[in-house]
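Peer 1: These protein sequence lines map, in sequence, to chains A and B.
Under my numbering, think of the first position of the first sequence as 1, with each following residue one higher.
Under my numbering, think of the first position of the second sequence as 1, with each following residue one higher.
The beta-carbon is built from N, C-alpha and C at its ideal position, and this holds for glycine as well.
Can you keep this structure in mind? I'll have questions shortly.
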Amino acid sequence: GQSLEQPSEVTAVEGAIVQINCTYQTSGFYGLSWYQQHDGGAPTFLSYNALDGLEETGRFSSFLSRSDSYGYLLLQELQMKDSASYFCAVRDDQAGTALIFGKGTTLSVSS
Amino acid sequence: DVKVTQSSRYLVKRTGEKVFLECVQDMDHENMFWYRQDPGLGLRLIYFSYDVKMKEKGDIPEGYSVSREKKERFSLILESASTNQTSMYLCASSFRVGPYEQYFGPGTRLTVT
């Protein structure tokens with residue numbers, strides 16, 4: 001089967017840098033995605049890594065190491081509005097075109 | 001902008017009722033998905049569909065069924081609602097190819113009493 005592990009909570013202050021890790025176990029692998037969900041809102045897509053390395057999109061970056069079955073989301077210059085839940089997600093042979101999500105990491109940014 | 005809409009934002013039903021949750025997307029996406037979200041459990045896949053009249057079971061299909069008669073519409077059916085189906089239900093859609101970026105609807109908060 002498939003499983004994803006990520007920390008349940010992370011706290012940081014405005015302006016800081018935070019890294020949210022995700023380790024996965026899948027049968028086959030087709031990429032690692034990250035989604036953000038504000039309280040009461042719908043999840044929104046942040047990034048996708050199919051190959052090893054770092055992908056940067058503004059203040060957010062995502063990293064993947066397929067040999068280690070590991071990825072992370074890096075958030076820089078944290079702002080209060082970054083307080084949200086962050087989910088890593090994978091596709092694998094069993095899920096087909098569907099995504100399997102981790103349980104989510106709640107990020108709390110304080111001033 | 002992609003838009004995924006769900007028929008109700010909040011819904012209260014009684015145990016044993018048949019419940020229909022509707023989802024419509026306007027981006028001509030082939031794939032559509034139903035998840036439920038519970039505190040501490042993340043998003044769990046109930047069913048998904050990659051084409052009209054096609055469906056695949058996800059991780060937790062028991063007690064649910066789905067219908068996809070048109071490409072833009074994907075319905076989740078609770079045949080006989082139970083209190084353990086009280087949850088947030090999220091619909092999503094995506095293209096069949098590419099990074100499979102999923103677009104989510106606003107969710108339906110279902111309470112079964």
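Using a Cβ cut-off of 8 Å, which residues of the region 41–72 of chain A contact any Cβ in chain D, in chain order?
Peer 2: Looking at the structure shown, chain D is missing, and the protein chains on hand are A and B.
Peer 1: CB A/A84 to CB A/L99, shorter than 8 Å?
Peer 2: Result no, Cβ atoms of A/A84 and A/L99 do not sit closer than 8 Å.
Peer 1: Quick check: the Cα distance between A/Y70 and A/A50, rounded to an integer number of angstroms?
Peer 2: Taking the straight line from one Cα to the other gives about 12 Å.
Peer 1: Does any residue of chain B bring its CB to less than 8 Å from the CB of A/F87?
Peer 2: Output row for A/F87: interface = yes.
Peer 1: Leaving out five residues on either side along the sequence, give the residues of the same chain with a beta carbon under 6 Å from the beta carbon of B/D26.
Peer 2: Here the set comprises K3.
Peer 1: Is there a Cβ from chain A that is less than 8 Å from the Cβ of B/E101?
Peer 2: It does: the Cβ of B/E101 has a partner Cβ on chain A nearer than 8 Å.
Peer 1: Counting C-beta neighbours from all protein chains within 10 Å, is the total for B/S49 16 or more, i.e. buried, or is it exposed?
Peer 2: Answer is buried; the Cβ neighbour count reaches 16.
Peer 1: Is it a yes or a no for the region 8–23 of chain B touching the region 73–85 of chain B, going by three-plus beta-carbon pairs under 8 Å?
Peer 2: Short answer: they touch.
Peer 1: In or out: A/F101 buried (at least 16 other Cβ within 10 Å) or exposed?
Peer 2: So A/F101 counts as buried.
Peer 1: Among A/T11, A/R66 and A/N21, whose alpha-carbon lies nearest the alpha-carbon of A/L74?
Peer 2: Nearest C-alpha to A/L74: A/N21.
Peer 1: Using beta-carbon positions only, say whether A/I17 and A/Q76 come within less than 8 Å of one another.
Peer 2: Cβ atoms of A/I17 and A/Q76: closer than 8 Å.
Peer 1: From the DSSP output, read off the bridge partner residues of B/Y50.
Peer 2: B/Y50 pairs with nothing; no bridge assigned.
Peer 1: I need the DSSP call for A/K81, collapsed to helix, strand or coil.
Peer 2: If DSSP states are grouped into helix, strand and coil, A/K81 belongs with the helices.
Peer 1: Where does B/T83 fall in DSSP's three states?
Peer 2: In this structure, B/T83 counts as helix in the three-state DSSP scheme.
Peer 1: Assign A/I100 to one of three DSSP states: helix, strand, or coil.
Peer 2: Of the three classes helix, strand and coil, the one that applies to A/I100 here is strand, per DSSP.
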